[in-house]
């Protein structure tokens with residue numbers, strides 16, 4: 003087989019291998035989604051268990067731990083299936099594997115946290131923080147999986163799924179925030195700021211989700227967002243913001259809120275499951291299509307090698323060998339004959355190579371667009387981290403400062419974050435130059 007033909011087919015085989023590895027990553031995301039959901043439920047029942055001094059949710063907590071353990075084992079099995087061969091790991095894979103290593107360490111400590119909860123040796127707030135940190139690590143795995151995916155359509159779905167899972171996690175944190183506030187009769191100023199931050203952050207996540215999610219799933223999300231539970235949650239949010247020490251709400255509102263918020267989060271899991279199923283089907287279809295294209299490439303090249311100088315059908319990736327672009331490359335095509343390949347055969351192989359290159363360019367353009375939301379999120383998170391480190395702000399305060407700046411300057415939040423990062427880099431560079439003078 004001629005070298006051009008061999009490398010053309012090798013490129014298609016590499017694409018298939020990449021898709022198969024991507025399919026494993028998408029399966030991992032599905033299992034991570036399930037574990038996140040179970041941890042969210044365990045966090046909720048553990049919080050109630052601690053707040054009630056073990057009077058509520060004792061049996062429910064025991065059952066929930068079993069559900070979480072089953073989901074954890076599924077995730078660990080999928081971690082084992084990932085290709086960890088350093089010879090084949092890309093630079094992007096380094097971040098993904100680092101996230102996985104952190105998650106595995108945190109999962110190893112989960113049993114100790116449960117024992118502290120059972121012995122009432124940890125406060126409800128500290129237990130909630132520990133669960134939230136683990137869930138945050140799992141969400142970071144999903145983020146890196148989306149950021150390392152090389153297929154634009156799959157990346158779009160992963161971006162949609164990550165932002166939906168993040169919004170769902172923020173809804174879980176809101177459940178805990180208001181349950182605690184209602185239990186005490188009113189929300190403190192810090193709790194009100196926290197509530198506002200959680201509501202705004204959820205809206206931002208769900209906005210990105212709606213930008214990238216398939217239309218059929220968006221219809222279900224629209225129905226869920228406008229059902230009776232969602233309307234009641236919006237009403238209770240208003241009740242919470244109006245509550246004061248002088249005008250507290252009845253303590254029973256706390257249990258009502260917890261059940262409503264739990265029902266909403268459980269319903270959101272259905273959207274999660276749809277996204278996961280769409281990912282699985284998409285990867286399966288793409289691998290099947292890639293194998294079919296490889297077969298068609300092989301057949302077409304075999305027939306051309308046998309002297310059948312004919313155009314390929316539109317179903318393959320061959321383009322018509324006409325136009326000014328190909329005429330300008332006539333001299334280059336003639337060089338194929340030096341290797342014993344006729345100019346006609348060389349032209350046909352070139353058409354395949356050109357079509358493949360055009361397709362890869364289109365994929366790259368789509369991929370860049372799909373990754374835009376991920377890049378902007380990185381900027382915002384890095385900028386928040388800088389404000390927290392250098393200004394001593396909390397996460398909510400840092401986000402609120404950036405958001406207020408964006409509104410005052412009529413700019414996008416991501417643009418404000420990028421300006422802040424560039425300014426910090428500039429100041430650090432000047433500081434280093436001054437020290438070395």
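In my numbering, the protein residues as written are 3 to 439. Just so it is clear, CB atoms sit at the ideal spot from N, CA and C, and this is done for glycine as well.
Option in the options with minimal Cα separation from residue i
i	options	result
residue 48	267, 39, 62	62
residue 143	262, 178, 35, 233	35
residue 207	195, 163, 234	163
residue 190	148, 250, 108	250
residue 210	105, 232, 420, 158	158
residue 39	54, 411, 261, 270	270
residue 217	184, 277, 265, 266	277
residue 26	131, 282, 195, 96	282
residue 259	235, 275, 53	235
residue 133	268, 419, 252, 116	116
residue 29	275, 129, 230	275
residue 113	129, 103, 101	129
Nearest-angstrom beta carbon gap, residue j and residue i [assumed within contact, 8 Å]
i	j	result
residue 204	residue 173	6 Å
residue 226	residue 273	7 Å
residue 41	residue 136	6 Å
residue 187	residue 245	7 Å
residue 31	residue 160	7 Å
residue 256	residue 184	4 Å
residue 108	residue 139	6 Å
residue 384	residue 423	6 Å
residue 52	residue 99	The pair is not a contact, with the Cβ atoms about 35 Å apart (cut-off 8 Å).
residue 168	residue 141	6 Å
residue 80	residue 131	Contact flag wrong, Cβ pair sits at about 27 Å.
Limits of the alpha helix (DSSP H) - the one that residue i falls within
i	result
residue 154	154–185
residue 401	397–410
residue 1	An answer regarding residue 1 cannot be provided, because it is not within the stretch 3 to 439 covered by the chain.
residue 81	60–83
residue 111	Segment: none, residue 111 is in no alpha helix (DSSP H) and carries neither H nor E.
residue 203	191–214
residue 247	No alpha helix (DSSP H) holds residue 247; DSSP gives it neither H nor E.
Whether residue i touches residue j by CB criterion (9 Å)
i	j	result
residue 197	residue 243	yes
residue 263	residue 176	yes
residue 37	residue 64	no
residue 397	residue 380	no
residue 77	residue 285	no
residue 43	residue 178	no
residue 400	residue 415	no
residue 219	residue 120	no
residue 402	residue 195	yes
Burial state of residue i, where buried means 16 or more other Cβ atoms lie within 10 Å
i	result
residue 409	exposed
residue 170	buried
residue 240	exposed
residue 73	buried
residue 82	exposed
residue 146	buried
residue 15	exposed
residue 50	buried
residue 237	exposed
residue 418	buried
residue 247	exposed
residue 127	exposed
residue 266	buried
residue 149	buried
residue 215	buried
residue 425	exposed
residue 153	buried
residue 406	exposed
residue 105	buried
residue 291	exposed
residue 101	buried
residue 294	exposed
residue 411	exposed
residue 66	buried
residue 12	exposed
Near the ligand ATP: residue i beta-carbon under 8 Å from a heavy atom
i	result
residue 97	This structure simply doesn't include the ligand ATP, nor any ligand for that matter.
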